[in-house]
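Since the structure comes first, as structure tokens, the remarks are kept for the end.
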DNA sequence: CTTTTGTCTTTTATCTACAATATACAGATT
DNA sequence: AATCTGTATATTGTAGATAAAAGACAAAAG
């Protein structure tokens, strides 16, 4: 297999979800724009829809014949890109303690394990190395540094430096900057989540990332914003694998965020720094508590 | 060609430089240790030395027959790894303005240009992306963000945060920590260079990196230390490509370093931060001045 | 004259193959 | 008993091939 067509499958599914409402589909470039794909892929999608009797397609006419049934969709597993598959398999190894700090990591073994080519695994590891969890010995294996206490401390230290700086930069944004509107939206979402904390506490992770990304973006510094990816990635898996006291922790974080948001709106630098540090300190504790020992 | 043997060639050359002094070479594992290579490669080197009449090799006996001649060595070009070749070609493009900010970067084109496989170019670009100069559009090309004013400012901003923090951590190192001895050595080297500034001002680059790495290491933070690589890389090419006023600039930096070193030794935090900031501010100016416009 | 479509070319993502290099282990040597 | 060598095996680094996806351009349609 030279290349997977997960992009096609995933876009096909999205397209199917949308066609119920329309009788005639828009032009090819318009569809490409909407789904973030090229015309080549749009045409492949239209072609399959035609073949499966979902639409009639003749030049500019793309008339919907029937709503899609469940088995018109590609199964979810087939829409995961190879990279997602490798990433998940790899993170599972790290977080379940299957491989412990200091262990050697073999590209070849992972490739066999996942059923992917060595090139893809290799590229994944190169990209992954920026997270500071692995290190390469040239001409030889990778070494797992591991999700250790030191890792949590070093990550938190940089995070605090960057976020305090970003929060300070936030107040310099002009009143009509879209970040303020986004801040309002995020705040509203916090209230919703707090009101429904029993059922939706798992949605916190995504909201947390959205909020901190907004703050980091205010720095206007690519290195700071890139580092947010590292944090988001680590927390993403942290939330997935460690659910002890998740509810209480998330509730506390939501309340700290609300303080932090109020401080940002006040544009009072001292207050902002205080609220920011309080929240980051408790985030650090949470992370440290989740380090396996 | 499946894989280059630059490691072999480069180690062979180093080995040759060393054999003049010895009549009998050490054991295979010892040689491997010395040159940082595996026994397999050691044996390949010994085999070639035997075939070329440089030594007699029988089990534990590896007796030197004659000193190497110039043409026993592999030519320098053949010892450059593929990655170095790709890196240099790529940096040349960026710094000569052959490609300007916003331009598309094609893996295929670079591969053709350099005469390498697309895999190697791709891996290089992935590794290179952490420098913040390029960005990937998934399923499509890379975009050159370019060595712009903003890049210089953002890099300098993070550098200052990290280095001030690291310098502060330096004073907490115990008196017997090897960093202090290295600091002495670096200081001595500064005096040597200053005394011979007319001839050796080009050696400044390496010394500069060595000094700042020492400081960054004191942070004990892998993200800070990794970021030093980014700085070192950028400055390395900056020094190579922009030699206007190099002598005056380097002399000034050497003097600032000496102040900074004295401050570190005083363990006076306020003095350290002041010296550090003065030097970093002038380094930032230097970098900004070198941005093409 | 602007947008859309049909067609063709180029590039990316991925696998496989293979030489260079590393690693494992048993027998030989000190 | 420890270290070294000989040999066999496994892994990495790199090229090349190919399907999927992107991009280019001219003809067609509004």
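Residue numbers (our numbering), protein chains in the order written: chain R, -7 to 285; chain X, -7 to 285.
Glycine included, each C-beta is placed from N, C-alpha and C at the ideal position.
Same chain, Cβ closer than 8 Å to residue 166 of chain X, neighbours up to 5 away in sequence not counted: Position 174 of the second chain, counting from 1, holds the residue named residue 166 of chain X. There are no such residues.
Closer than 8 Å to chain R by CB, residue 44 of chain X: Along the second chain, read from residue 1 onward, the residue named residue 44 of chain X stands at position 52. Chain R places no beta carbon closer than 8 Å to that of residue 44 of chain X, leaving this residue out of the contacts.
Please report the Cβ distance between residue 56 of chain R and residue 15 of chain R, rounded to the nearest whole angstrom; I am assuming they are in contact, meaning their Cβ atoms lie under 8 Å. Locating residue 56 of chain R in the first chain gives position 64, where the first residue counts as 1. Locating residue 15 of chain R in the first chain gives position 23, where the first residue counts as 1. About 6 Å separates the CB atoms of residue 56 of chain R and residue 15 of chain R; that is less than 8 Å, so the two are in contact.
Once you ignore the five residues that flank residue 238 of chain R on each side, which residues in its own chain have a CB closer than 7 Å to its CB? For this step, residue 238 of chain R is matched to residue 246 along the first chain. Closer than 7 Å at the Cβ level, and outside the excluded window around residue 238 of chain R, lie 193.
Which term fits residue 60 of chain X, buried or exposed, when burial requires 16 or more other beta carbons within 10 angstroms of its beta carbon? Indexing the second chain from 1 puts residue 60 of chain X at position 68. Buried, because 16 or more other Cβ atoms sit within 10 Å of the Cβ of residue 60 of chain X.
Counted within 10 angstroms of its Cβ, other Cβ atoms place residue 271 of chain X as buried (16 or more) or exposed: One-based indexing of the second chain puts residue 271 of chain X at position 279. Burial call: buried.
Start and end of the beta strand (DSSP E) containing residue 50 of chain R? For the purposes of this step, residue 50 of chain R is taken as residue 58 along the first chain, with counting starting at 1. Secondary structure note for residue 50 of chain R: its beta strand (DSSP E) is the uninterrupted segment 47 to 50.
So within the region 61 to 131 of chain R, which uninterrupted alpha helix (DSSP H) runs reach at least 4 residues, ignoring any that extend past its ends? Fully contained in the region 61 to 131 of chain R are the following alpha helix (DSSP H) runs of length 4 or more, in chain order: 74 to 87, 99 to 106 and 110 to 120.
For the beta strand (DSSP E) that contains residue 136 of chain X, what are its first and last residues? On the second chain, position 144 is the one that residue 136 of chain X refers to. For residue 136 of chain X, the enclosing beta strand (DSSP E) begins and ends at 134 to 136.
CB of residue 265 of chain R within 8 Å of CB of residue 159 of chain R, strictly: Looking up residue 265 of chain R in the first chain gives position 273. Looking up residue 159 of chain R in the first chain gives position 167. Result yes, Cβ atoms of residue 265 of chain R and residue 159 of chain R sit closer than 8 Å.
Where residue 54 of chain X falls, given that 16 or more other Cβ within 10 Å makes a residue buried: Here residue 54 of chain X refers to the residue found at position 62 of the second chain. Buried, since its Cβ has 16 or more Cβ neighbours within 10 Å.
Any C-beta of chain X within less than 8 Å: which residues of the region 60 to 78 of chain R qualify? Hits within the stretch: zero.
Would you say residue 17 of chain X reaches chain R, if we count a Cβ-Cβ gap shorter than 8 Å as a contact? Walking along the second chain from the start, residue 17 of chain X turns up at place 25. Chain R, which has no Cβ nearer than 8 Å to the Cβ of residue 17 of chain X, makes this no.
Does residue 34 of chain R pass the burial test, meaning 16 or more other C-beta atoms within 10 Å, or should it be called exposed? Within the first chain, the letter at position 42 stands for residue 34 of chain R. Looking at its Cβ environment, which holds 16 or more other Cβ atoms inside 10 Å, residue 34 of chain R is buried.
7 Å Cβ cut-off: residues of chain X touching residue 221 of chain R: The sequence position of residue 221 of chain R within the first chain is 229, counting from 1. Within chain X, no residue has its CB atom less than 7 Å from the CB of residue 221 of chain R, the nearest being about 11 Å off.
Closest by C-alpha distance to residue 125 of chain X, when choosing among X:93, X:155 and X:114: Residue mapping note: residue 125 of chain X aligns to position 133 of the second chain, counting from 1. For residue 125 of chain X, the nearest C-alpha among the options comes from X:93.
Bridge partners of residue 53 of chain X, per DSSP? In the second chain, the residue the question calls residue 53 of chain X occupies position 61. Beta-bridge pairing links residue 53 of chain X to X:50.
Go through its chain and collect everything with a Cβ distance to residue 103 of chain X's Cβ below 8 Å, but skip five positions before and after it. Within the second chain, numbered from 1, the residue matching residue 103 of chain X stands at position 111. These residues qualify, in order along the chain: 109, 110, 112 and 113.
Output needed in chain order: residues of the region 115 to 129 of chain R with a Cβ under 7 Å from some Cβ in chain X. Listed in chain order, the positions of the region 115 to 129 of chain R with a beta carbon within less than 7 Å of a beta carbon of chain X are 115, 118, 119, 122 and 124.
Within 8 Å, do at least three Cβ pairs link the region 33 to 48 of chain R to the region -5 to 11 of chain R? Result yes; three or more Cβ-Cβ pairs closer than 8 Å.
To the nearest angstrom, how far is the alpha carbon of residue 122 of chain R from that of residue 50 of chain X? By 1-based counting over the first chain, the position of residue 122 of chain R is 130. By 1-based counting over the second chain, the position of residue 50 of chain X is 58. Residue 122 of chain R and residue 50 of chain X have their C-alpha atoms spaced approximately 46 Å apart.
What residues from chain X crowd round residue 146 of chain R, counting only those whose CB sits closer than 7 Å? Locating residue 146 of chain R in the first chain gives position 154, counting from the first residue. Counting only Cβ-Cβ distances below 7 Å, residue 146 of chain R has contacts in chain X at 213, 214 and 215, in chain order.
I'd like to know if the region 243 to 258 of chain R and the region 19 to 29 of chain X are in contact, where contact means that at least 3 CB-CB pairs between them fall below 8 Å. At 8 Å Cβ cutoff, the stretches do not touch.
Report all residues from its chain with a CB closer than 7 Å to the CB of residue 95 of chain X; omit the five preceding and five following residues, and keep chain order. In the second chain, counting from the first residue as 1, residue 95 of chain X sits at position 103. Result list for residue 95 of chain X: 136, in chain order.
On the three-state DSSP scale, how would you describe residue 44 of chain R? For the purposes of this step, residue 44 of chain R is identified with residue 52 of the first chain, where counting begins at 1. Three-state result, residue 44 of chain R: coil.
Going along the chain, which unbroken runs of the beta strand (DSSP E) with 3 or more residues stay wholly within the region 204 to 276 of chain X? Contiguous beta strand (DSSP E) elements confined to the region 204 to 276 of chain X do not occur, taking only those with 3 or more residues.
Exposure label - residue 245 of chain X; buried when at least 16 CB within 10 Å: Residue numbering aside, residue 245 of chain X sits at position 253 when the second chain is read from its first letter. Residue 245 of chain X should be labelled buried.
Using only alpha-carbon positions, find the residue among X:76, X:132 and X:275 that is nearest to residue 147 of chain X. Residue numbering aside, residue 147 of chain X sits at position 155 when the second chain is read from its first letter. In terms of CA proximity to residue 147 of chain X, X:275 leads the group X:76, X:132 and X:275.
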